[in-house]
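Numbering (the working numbering), first residue to last: 62 to 373.
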């Protein structure tokens, strides 16, 4: 009897080992096919495994956060989870984890609710319930797009939205900060023009004078930061965008230089060799409807708002 009891005690342990081995086989197959595998692929790869054992192994992998369950045109897909994914750590049902996974993949650019619905294949009521639950747990957040007030994208709660979503430093509450941009434009040019004037005092040759007149976007950013005119943290990329507008205006030129094996953009103020004519200084020089302007009619110099603004 003792021998029989000992043999029966080994039964559950043997079954557990086989279940773990099957789970490892499924996980390895998912890793080989990053796009994900469905039940047909699993069945074809493991014909000797019965459906119940396969289901138990899959549930074991899902519970331990080793694979993700995704919906596609081919049906349910099992996909090996990357080490950076956090979907296994959240508490919620399968729909919430699926929606979270889709939003997580969108990173800081976010994803639209229509795209979530297509990828998850959930009905609207299920999707709304999952989104509401994830928002209440502060796992995701919705962000309004600057290019469309009606379009809302979802992203993980802790992420900072990409500048393509918020508009970057030049937008506040979806409003373009034109005055702030104009002030930055003036101050950036002022800094470069001061360096240009300083370079004229140089007596070490034209090459040294040119080097003195140049500045990188990081140097311009440091100058702007010291002025304290910006309430937000600007990046070199933001300053480069401002400097590009000065280049288009013909006030600044850009050159590329190599420093320690890296390409660096250098900027310097320039003065036009040809003076601007008086006509181009006044509104009439660039007016789009100047051909229709006369002393009679709706378009005339007396009622011209551009002229009044220029003279004030």
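Idealized CB from N, CA, C, for every residue including glycine.
Check your understanding: Where do the N-terminal and C-terminal ends of the alpha helix (DSSP H) with residue 165 fall, by residue?
Key -> Position 104 of the chain shown, counting from 1, holds the residue named residue 165. Annotation: the continuous alpha helix (DSSP H) that includes residue 165 extends over 155-167.
Original post:
In terms of residue numbering, what span does the alpha helix (DSSP H) encompassing residue 203 cover?
Top reply: For this step, residue 203 is matched to residue 142 along the chain shown. Per DSSP, residue 203 belongs to no alpha helix (DSSP H); it is in the beta strand (DSSP E), 201-206.
- Query: CA-CA distance, residue 268 and residue 248?
  - Reply: Looking up residue 268 in the chain shown gives position 207. Looking up residue 248 in the chain shown gives position 187. Rounded to whole angstroms, residue 268 and residue 248 show a C-alpha spacing of 26 Å.
Residues near residue 324 in its chain [Cβ-Cβ closer than 7 Å; skip 5 each side]: Counting from one through the chain shown, the residue named residue 324 turns up at place 263. Non-local beta-carbon contacts of residue 324 in its own chain, meaning distances under 7 Å to residues more than five positions away in sequence, involve 317 in chain order.
Who are residue 216's beta bridge partners in DSSP? As a position in the chain shown, residue 216 is number 155, starting the count at 1. According to DSSP, residue 216 shares a beta bridge with 202.
message = On the criterion of 16 or more Cβ atoms from any shown chain inside 10 Å, does residue 165 qualify as buried, or is it exposed?
response = Locating residue 165 in the chain shown gives position 104, where the first residue counts as 1. Per the 10 Å Cβ criterion, buried.
**OP:** Reducing DSSP to helix, strand and coil, say where residue 251 ends up.
**Re:** Numbered from its first residue, the chain shown carries residue 251 at position 190. Shown here, residue 251 sits in a helix according to DSSP, grouped into three states.
Starting from residue 366, trace the alpha helix (DSSP H) both ways and give me its first and last residue.
Here residue 366 refers to the residue found at position 305 when the chain shown is read from its first residue. Per DSSP, residue 366 is one residue of the alpha helix (DSSP H) stretching across 366-372.
Check your understanding: How about residue 179 and residue 172: are their beta carbons less than 8 Å apart?
Key -> Translated into the one-based positions of the chain shown, residue 179 becomes position 118. Translated into the one-based positions of the chain shown, residue 172 becomes position 111. Not in contact: residue 179 and residue 172 (Cβ atoms no closer than 8 Å).
inquiry  = Can you tell me whether residue 113 is buried or exposed? The criterion is at least 16 other CB atoms within 10 Å of its CB, across all chains shown.
reply    = Counted from its first residue, the chain shown places residue 113 at position 52. By the 10 Å Cβ count, residue 113 comes out exposed.
>> Measuring alpha carbon to alpha carbon, tell me which residue in 277, 312 and 314 is nearest residue 296.
In response: Taking the chain shown and counting its residues from 1, the one referred to as residue 296 is at position 235. Residue 277 is the option with its Cα nearest to residue 296.
(message) Helix, strand or coil for residue 233? Go by DSSP, reduced to three states.
(response) As a working note, residue 233 is residue 172 in the chain shown. Strand at residue 233.
With a cut-off of 8 Å on the beta carbons, I'd call residue 272 and residue 222 a contact; round off their distance for me. Taking the first residue of the chain shown as position 1, residue 272 is located at position 211. Taking the first residue of the chain shown as position 1, residue 222 is located at position 161. Not a contact, Cβ separation roughly 39 Å.
Supposed close pair residue 157, residue 133 - CB separation, criterion 8 Å: Translated into positions along the chain shown, residue 157 becomes position 96. Translated into positions along the chain shown, residue 133 becomes position 72. In this structure, residue 157 and residue 133 do not form a Cβ contact; the two beta carbons are roughly 19 Å apart against a cut-off of 8 Å.
| said: By DSSP's criteria, residue 374 is part of a beta bridge. Which residues make up the other side? | reply: Any answer about residue 374 is impossible in this case: the structure gives the chain only from 62 up to 373.
For residue 246, which residues in the same chain have their Cβ closer than 8 Å to its Cβ, ignoring the five residues on either side in sequence? One-based indexing of the chain shown puts residue 246 at position 185. The residues are 303, 306 and 307.
Margin query: Is it buried or exposed, residue 329, if we count other Cβ atoms within 10 angstroms and call 16 or more buried?
Written below: In the chain shown, counting from the first residue as 1, residue 329 sits at position 268. It is buried - the Cβ of residue 329 has at least 16 other Cβ atoms within 10 Å.
- Query: Start and end of the alpha helix (DSSP H) containing residue 300?
  - Reply: The sequence position of residue 300 within the chain shown is 239, counting from 1. Under the DSSP assignment, residue 300 falls in the alpha helix (DSSP H) whose first and last residues are 297-309.
Point to revise | Beta bridge counterpart(s) of residue 132 as assigned by DSSP | key: Residue mapping note: residue 132 aligns to position 71 of the chain shown, counting from 1. Bridge pairing for residue 132: 137 [DSSP].
Practice item. Check residue 315 in the structure and name its three-state DSSP category. Key: Here residue 315 is taken as the residue at index 254 of the chain shown, counted from 1. Note: residue 315 maps to strand in three-state DSSP.
**Report entry** Span of the beta strand (DSSP E) around residue 327
**Finding:** One-based indexing of the chain shown puts residue 327 at position 266. Secondary structure note for residue 327: its beta strand (DSSP E) is the uninterrupted segment 323-330.
When you compare only the Cα positions, how much space is there between residue 238 and residue 290?
Position 177 of the chain shown holds residue 238. Position 229 of the chain shown holds residue 290. So the two alpha carbons sit approximately 13 Å from each other.
Going by alpha carbons, who is nearest to residue 121 out of 342, 281 and 88?
-> Taking the first residue of the chain shown as position 1, residue 121 is located at position 60. Here the closest residue by C-alpha is 88.
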